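Notes to accompany the following structure.
In my numbering, the protein residues as written are 5 to 375.
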């Protein structure tokens, strides 16, 4: 039996109702899908800024915004790492030396007008100034006063403190800093670590042909003529990598405090180093002209050199350490590294990691500081 269509249910009259119903159904399904795809733990419209937590040294946890807008450093050498990782223009508080080094002002012009994060020593931080500036994070070496760290964290400023005084600690710190600053910084940090290890491998392979008894003895004047360091220390690490024998390796030295001697000239004279490395041109001149140094072999043979300096002294805790041991190896054994052009290597490094093209005069100033 045929089914009769009701006269008021004509196809034409059903069309608008059908379309409206379908649109409503699709809308409901889309909204349901959106909420179904959001994990139940994800905050929705809470107004809380997105953060992420970086864990390092197996137990240290630092939570920072996913997007870092302002940073502070109470550590001289950490400044150069921040610039390398793209945070130079985000530094709102820094150190006296960073503000005074010409190359740093060339790379980051705003640093000249940046506030001081510390009153002097890296751990003598200016809490009041930092709270007023409110950086997202402060970088410092280990040893920051727990009370001051608590004050900063209570004010919403994250604090990242790191191990120091070794090349391994430096390379690790670059990676951690990259993770804290964000994805792009983490990529650059990994590129730096790869570059460092490639330089390390190159130098090690070539130096393996030199017997230990034929390696040159080195004395490092770390900030003043009669201040040095033995093992363990950052100086010891780059001297080892560069193929030198640190004459102070096994000396019983007092704590290293800049401006305070920890060794006497008699000990240096007895060790009779082949090469002396001074951090500043002033110290090199003192060593070369002072009568008490005249009998030391390095002085007699005019083998007193000034350590390179860019954004910071290459021999310290800076990213430029990747160049330091290459420079030392070529300085000690020029014939073995005759194909390496330090001027070219220097220019390539700063272009690659800082996106700055140095002039020939600037490269020469980095490699042969005169002040």
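The C-beta atom is built at its ideal place from N, Cα and C for all residues, glycine as well. Quantities reported herein were computed from a predicted structural model and do not represent experimental measurements.
CB of residue i within 8 Å of CB of residue j, strictly
i: residue 3; j: residue 161; result: Only positions 5 to 375 of the chain appear in this structure, which leaves residue 3 out of reach.
i: residue 101; j: residue 86; result: no
i: residue 127; j: residue 149; result: yes
i: residue 377; j: residue 355; result: Outside the displayed span of the chain (5 to 375) sits residue 377, for which this structure offers no information.
i: residue 225; j: residue 281; result: yes
i: residue 78; j: residue 118; result: no
i: residue 193; j: residue 178; result: yes
i: residue 241; j: residue 332; result: no
i: residue 350; j: residue 370; result: yes
i: residue 105; j: residue 357; result: no
i: residue 95; j: residue 83; result: yes
The alpha helix (DSSP H) enclosing residue i, as first and last residue numbers
i: residue 334; result: 325-336
i: residue 370; result: 364-371
i: residue 85; result: 82-88
Local Cβ density within 10 Å of residue i, reported as buried at 16 or more and exposed below that
i: residue 115; result: buried
i: residue 182; result: buried
i: residue 274; result: exposed
i: residue 277; result: buried
i: residue 359; result: exposed
i: residue 191; result: exposed
i: residue 209; result: exposed
i: residue 259; result: exposed
i: residue 112; result: buried
i: residue 59; result: exposed
i: residue 55; result: exposed
i: residue 236; result: exposed
i: residue 311; result: buried
Run of the beta strand (DSSP E) containing residue i, from where it starts to where it stops
i: residue 354; result: Looking at the DSSP string, residue 354 is not in any beta strand (DSSP E); the run it does join, the alpha helix (DSSP H), is 346-358.
i: residue 72; result: Unbroken run through residue 72: none, as it is neither H nor E.
i: residue 180; result: Premise fails: residue 180 lies in the alpha helix (DSSP H), 171-185, not in any beta strand (DSSP E).
i: residue 97; result: 95-98
i: residue 165; result: 162-166
i: residue 56; result: 55-60
How do the segment 278-292 and the segment 321-329 stand: do at least 3 beta-carbon pairs fall below 8 Å, yes or no?
-> These segments do not touch.
Note down, one range per segment and in chain order, each alpha helix (DSSP H) of at least 4 residues found wholly within the segment 107-154.
-> Entirely contained in the segment 107-154, the alpha helix (DSSP H) runs reaching 4 residues are, in chain order, 131-137.
Assess, as a yes-or-no matter, whether the segment 225-235 is touched by the segment 192-208 under the definition of 3 or more beta carbon pairs within less than 8 Å.
-> Here the segment 192-208 does not lie against the segment 225-235, with fewer than 3 beta-carbon pairs under 8 Å apart.
Pick out the complete alpha helix (DSSP H) segments inside the segment 201-260, 4 residues or longer, and give them in chain order.
-> DSSP runs (the alpha helix (DSSP H)) wholly in the segment 201-260: 238-245.
Which residue spans inside the segment 254-324 form an unbroken beta strand (DSSP E) run of at least 3?
-> Segments of the beta strand (DSSP E) lying fully in the segment 254-324: 279-282 and 308-310.
Any chance the segment 59-73 sits against the segment 130-138, with 3 or more Cβ pairs inside 8 Å?
-> They do not touch, by the three-pair rule.
Given 8 Å as the limit, is there contact between the segment 336-344 and the segment 240-250, that is, 3 or more CB pairs closer than that?
-> Cβ pair count under 8 Å is three or more, so yes.
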